[in-house]
Structures are given as structure tokens and as C-alpha cells.
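Report on the following structure.
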Amino acid sequence: MIPESIRSSVEQWMAYDDATRRAIEHLVAENPQELQEAFCDNLAFGTGGMRGLMGVGPNRINPHTVRQATVGLARHLRQQHPQRELRVAVAYDTRHQSESLARTAAEVLTAHGVRVYLYHGPRPTPQLSYTVRALHCQAGIVITASHNPKEYNGYKVYGQDGGQIVAPEDAQIMEHVARCRREDAPLPPADPSLITPIDGQLDEAYINALLSTLRRPEAVAAHPALPVVYTPIHGAGASMLPALLRRAGFTGVHTLAAQQSPDGAFPTVQSPNPEEPTAMALACQKAEELGATLVLGTDPDADRLGAYVRNAQGQLQRLDGNQIAVLLAHYLLQSQPPSDGSPAYIVRTIVTTPMLDLLAADHGLPTLRVLTGFKYIASVMAREQRQHPTRRFLFGAEESHGYLATTEVRDKDALQSAMLLCEMAAHHHARGENLMDVLHGLYARHGAFVSALRSITLTGSQGQREVQRRMRQLREKPPASLGGEALIARYDYASGLCARADGTQEKIDLPPSDVLQFQTEHATITVRPSGTEPKMKYYISLRGPYTGHEGLAALQRSAERLLEDFAQRDAP
332 MIPESIRSSV
342 EQWMAYDDAT
352 RRAIEHLVAE
362 NPQELQEAFC
372 DNLAFGTGGM
382 RGLMGVGPNR
392 INPHTVRQAT
402 VGLARHLRQQ
412 HPQRELRVAV
422 AYDTRHQSES
432 LARTAAEVLT
442 AHGVRVYLYH
452 GPRPTPQLSY
462 TVRALHCQAG
472 IVITASHNPK
482 EYNGYKVYGQ
492 DGGQIVAPED
502 AQIMEHVARC
512 RREDAPLPPA
522 DPSLITPIDG
532 QLDEAYINAL
542 LSTLRRPEAV
552 AAHPALPVVY
562 TPIHGAGASM
572 LPALLRRAGF
582 TGVHTLAAQQ
592 SPDGAFPTVQ
602 SPNPEEPTAM
612 ALACQKAEEL
622 GATLVLGTDP
632 DADRLGAYVR
642 NAQGQLQRLD
652 GNQIAVLLAH
662 YLLQSQPPSD
672 GSPAYIVRTI
682 VTTPMLDLLA
692 ADHGLPTLRV
702 LTGFKYIASV
712 MAREQRQHPT
722 RRFLFGAEES
732 HGYLATTEVR
742 DKDALQSAML
752 LCEMAAHHHA
762 RGENLMDVLH
772 GLYARHGAFV
782 SALRSITLTG
792 SQGQREVQRR
802 MRQLREKPPA
812 SLGGEALIAR
822 YDYASGLCAR
832 ADGTQEKIDL
842 PPSDVLQFQT
852 EHATITVRPS
862 GTEPKMKYYI
872 SLRGPYTGHE
882 GLAALQRSAE
892 RLLEDFAQRD
902 AP
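The opening position of the sequence shown corresponds to residue 332 in my numbering, with each subsequent residue numbered one higher.
Now the structure itself:
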């Protein structure tokens, strides 16, 4: 039985082809709840593209939704560049259907007269960003769901600067996509002659671009056998990172065989996310066997980096996303080339540790703050290049394990970050230090900073409504204190206003976004809906005096309790 609310959509989809019809008939007979979810809405084409469960229906990732999105993109590009030969680069990760969906997107583009540069074989997302710039494309597409579980896939769109699309271009593309969905018109035939396979020269160029960002090659030469275990978690990093580290001079890198083969089922993990200890467990076991100093992991599209380091007691310790950011920022600031008079800057998102501000200020550099999402870091890079061409981008970071230290790529790059972290470890090894020693030395100088993240998934068609209810409740009844400490500021990024405790208000110089931030003297809690799924995200940054390892652990526990109490306060 097909519910009347979705009947017309279901019947329209059943007419597409036999495979789609059979899949729908199976849902009607065996899984009416999934049928309802798959047809109750159109999959959102948001500010970075689409991400969702794979399956049949307009609310899922499948060839039809990818086709509609690509028609919208092609029409947008033709409208923006009516007299130019259009070029789009296309890449994909190791997920199920990624290759076939990339081929679908490429064929749709050629049907609209667009020249397509298509990778054959999985490639890291940051390599696609580099490729858009290197081949002077007007856009790029990556088929990936990044670190999401195996049931998901996605469609990310990049602009001609190599960064993910942002306003106003995102809204323009979304309007074209919405129009295509309403029309649902048949496509003209594809033109295979317009597809150009990308050969190994781009792999080589990308690796060389990353190698050029090494800061202290002499440190690698002095300690080339740094023992490192790397896991690509069945993703695209396997094709590039081991080769990059070898070329950088590291001879002691062991790639974890159990997770080396590309496999969209991600059979050895529940979720292929290097932020999560469970995804790194096998690599850590191998590191204990080998006595490795450093354990590195990348997600399926190799834009996020996870890391463990061995401390002075011989134990492996996990680095969270903020700690990796602090270490990389410190290393890059300390190893800047001699100044030629051009000022530098770093960029962080509003949920990334404010400790970066102190590190940069120590070197007389500003820190620019942006909304959550690496696309905003790339957007600032493009803006600074236009408006202040003599200013140098030094480093960009987001707490969700994303980092960048080059202008030749405009998205977070786990390959470059891994290489620089290895170089940093080699540099400090020569000084008798490990990376945990370095981190605690920075805490002793600037104060201890800890952070935590709490995500609450709200599943089903009711999930988005609950997300909206929680955000509305926080706006209408905000807390007056956090952990007994009075608020000094409340930021509402949707209205663009910061309300101070003294009753004054300030404008927030960032684009509107559904984000709330509550700040005391020592703590900041940020709340926002996920941009890709019905999920609430709660972040905390807490600062306190540094009193050694035990004091840091106690501060971490305090942060987690405070965040949990806040999230429970927000529950129904």
C-alpha cells in the first residue's frame, strides 16, 4: 500500500527504469517505513552539495538525484560563463557506487557540452581541489560522504578557486537544481568525446605541491626511519599518502595491511572516521607490535586526519582535533621562512580552540574566525588574495580534524597534515622531545585548553523538527550561566548579534548561520544543527591553569560534565 502523500512521486519514479521499479516494489512489500522516508521529501541540495543514505527515491543518493543535481550545476555554469569552454573535474572515493555515480555526473555534464576531466580510481578530495585550480576548471565534483558510515554517499561541489561553493553561488546552484527537479525533463545524449581521463601527471603534480610545503627537510634527513603506522581505513589515502611520505624521505612508514585495500563496506570498522578510537584500534595494535612513535589515519576521502603519539612513558595517546591543530600551528609559526615584509595570518572556525589565537599573537599574527566548515576557510583565503594580495596564508584549521597549510589546495588536506606532523615529530626527536612534551609545554605557557563534542542524532522525518525546536528553545530561554559561572556574552549567528552581559550589543561580521554560542570567562559552548543530517552538535572549549597531566585530565572531565549537563538541559 502506497500512502497518498507520496503516491505521485512513487509512480513517477517507477516509470524511470526497471531497476528502479523493482527496488520500489520491494520497499512497498517489505519496508513501508523506508518507502515513506525515501519519498517524503527531496534530498537537500545544501551549501556544499548533497549527502544522504544511498537508495531509491528523491530523498536518497542515487543516479537520478545525482543526475538532477548535475543538470542544475551545468545550467548554472552555462549561465555564468556563456562564452567560455566549460571545464569540470570529477573525482570519487572508495564507497559503494561512488565510481558509477561519478560516471553519471560526467555523462550529464558532457550532454550539456561541458569538458570533463575524470579521475579513474579513487582519489583524495583535496586532490580534486588542487585539480580544479591546476586545470583551470570552472567547477569540480567529488562523489563522497567523507567519514560517514558505509550506507551513505554524497555529492560535493567546488568552485573555480578550488574551494567548496559558498554564497551567493550556492543559492544560485540550488535554484537551478530545484528547477530541474520540478521539470524532470529527459536529457540529451552524452558525448563521450568530451571526457578526458586524468593521467598520472596530476598525481605527480599534486605530490610535488605538497612536498614543497615541507618546512625542515633537514629534520627528515636526520631521522628518516621515524617509525609510523598509517591506516587509510579502506579509503582513497592508500593511493597517495604512503608515496608522499616516501618522497618526503620517511623510510619507516608501515601501512596497515588489514585496512589498506579500497572497500566501500569498510569491513573492519563500524564507522570509517579517524576521529573515533574504534576506527584507529587496529592501527594502534600494530603500532604496539612495531614500537611506532606515531599512528596516522585518514577517512575515506583523505581530508580528515586522526593521530596517536607515543609519550615519555611509552604509551600511545590520542590527539583530538584541536590538539593536532595546536601542534601544527605551533610548528608552522616556529618554522616560518624569513619574513620578506609580507604579513601572514591563520584562520580557524568558531568551534576550533581559541588557543590558536594566542599562538598566532605570540608571533604578531592575526587569527581570522569563520563559520563552521572548511569552505569558509577557503572563502577567506580567496578574499584575502583579492583584497590583500601581499598577505600570506599560513594555516587553517577546524576542530573536526581538518587542516591546510598551502594555497594550492583549498580544502582540508589530511595528506599534507600527516606529512607535516611526521616532519614535526622528526624535528623534535632530534631535540629529545615527543609531541606530547611539546603540547604540554604550550599548555604551561598559555594555559590548559580542553574541548569536547556531543552529537545527538534525531532520526526519521521527525528529527529535523526536533532540531528546530531545540534551537528555538535556546533562543527563547537562554542559560544565564555555565557551570555556575555567569555568561559574559551570547552570540546568535542567525541574527548576527552578540549580546554582552552589560546590556550592549555588537554586530557579528560573519554570514548568517543557525549557530548559538554561550561564553563565560573560561568556557564557551556552541550549539548548531548538523549541515548534512538531523543531528544536534554541542561543542565546548574550557580553559584553566596548567597543573600537569592529572590537572589536565580533571579539566577534561569538567568540560565533558558541563557539556553533558547543557545538552540534557536542551532535551525535551
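In this text, a Cβ means the ideal position worked out from N, Cα and C, and glycines have one as well.
Bear in mind the structure is a predicted one, so any value in this text is a computation, not a measurement.
Cβ contact (3+ pairs, closer than 8 Å) linking the region 742–758 and the region 576–584: yes
Excluding the 5 residues preceding and the 5 following ARG338 in the sequence, name in chain order all residues of the same chain whose CB lies nearer than 7 Å to its CB. none
Keeping to the same chain, check which residues put their C-beta closer than 7 Å to that of LEU773; ignore five residues upstream and five downstream. VAL657, HIS661
What residue from ILE529, LEU636, VAL402, ALA614 has the CA that sits closest to ALA521's CA? VAL402
With distance defined between alpha-carbon atoms, name the residue in GLY879, GLY814, ALA709 nearest to ALA498. ALA709
Check each candidate in PRO389, PRO457, GLN410 and name the one with the smallest Cα separation from ALA420. PRO457
Cα separation between SER524 and ALA692? 53 Å
Is ILE496 buried or exposed, if buried means 16 or more other CB atoms sit within 10 Å of its CB? buried
Quick one: residues in its chain with C-beta nearer than 8 Å to the C-beta of GLU416, no 5 flanking neighbours on either side, listed in chain order? ARG446
Please return the same chain residues whose Cβ sits closer than 6 Å to the Cβ of GLU438, not counting the five positions on each side in sequence. ALA521
When you compare only the Cα positions, how much space is there between ALA567 and ILE472? 16 Å
Alpha-carbon to alpha-carbon, ARG741 and LEU735: 8 Å
Collapsed DSSP secondary structure at MET686 in the structure displayed: helix
Kindly indicate the opening and closing residues of the alpha helix (DSSP H) around HIS661. 652–665
Reduced DSSP secondary structure (H/G/I, E/B, other) of GLY403: helix
Do GLY628 and ALA612 have their CB atoms nearer than 8 Å? no
For the region 386–474, which segments carrying the alpha helix (DSSP H) assignment without a break, of at least 4 residues, lie completely within its bounds, in sequence order? 394–411, 429–442, 456–465
Just the Cα atoms here: how many angstroms apart are LEU805 and GLY377? 24 Å
With a Cβ-Cβ cutoff of 8 Å, do MET750 and LEU576 count as a contact? yes
Per the DSSP calculation, ASN484 is bridged to which residue(s)? GLY383
With a CB to CB cut of under 6 Å and the five nearest residues on each side skipped, what residues in its chain are close to THR586? TYR561, PRO573
Thinking just about the alpha-carbon of each residue, which of LYS838, PRO843, VAL781 is nearest to the one in ILE856? VAL781
Using DSSP's beta-bridge definition, name the partner residues of LEU625. VAL559, VAL640
DSSP-derived helix/strand/coil call for GLN648: strand
Reduced DSSP secondary structure (H/G/I, E/B, other) of HIS732: coil
Bridge partners of ALA675, per DSSP? ARG723
Along the alpha helix (DSSP H) that carries PRO571, what are the first and last residues, could you check? At residue 571 the sequence reads Met, which differs from the Pro that was named. Note, MET571: premise wrong, no alpha helix (DSSP H); not H, not E.
Same chain only: Cβ atoms within 8 Å of ILE819, ignoring 5 sequence neighbours per side: ARG831, ALA832, GLN850, THR851, GLU852
I want to check one thing, is the minimum distance from the CB of ILE529 to the heavy atoms of the ligand FMN below 7 Å? This structure lacks the ligand FMN, and indeed carries no ligand of any kind.
Hey, PRO394 and THR435 are a contact pair by Cβ (cut 8 Å); roughly how many whole angstroms apart? 5 Å
Tell me which residues share the same chain as TYR870 and place their Cβ nearer than 6 Å to its Cβ, disregarding the 5 neighbours each side in the sequence. VAL682, LEU784, THR857
Buried or exposed for LEU621, going by 16 or more other Cβ atoms inside 10 Å? exposed
Inter-residue Cα distance where the pair is LEU699 and GLN836: 21 Å
Using DSSP bridges, identify the partner residues of LEU873. VAL781, ALA854
Would you say the region 481–492 touches the region 464–471, given that touching needs at least three Cβ pairs under 8 Å? yes
Sequence-distant residues of the same chain with beta carbon closer than 7 Å to ASP688, five excluded per side: THR698
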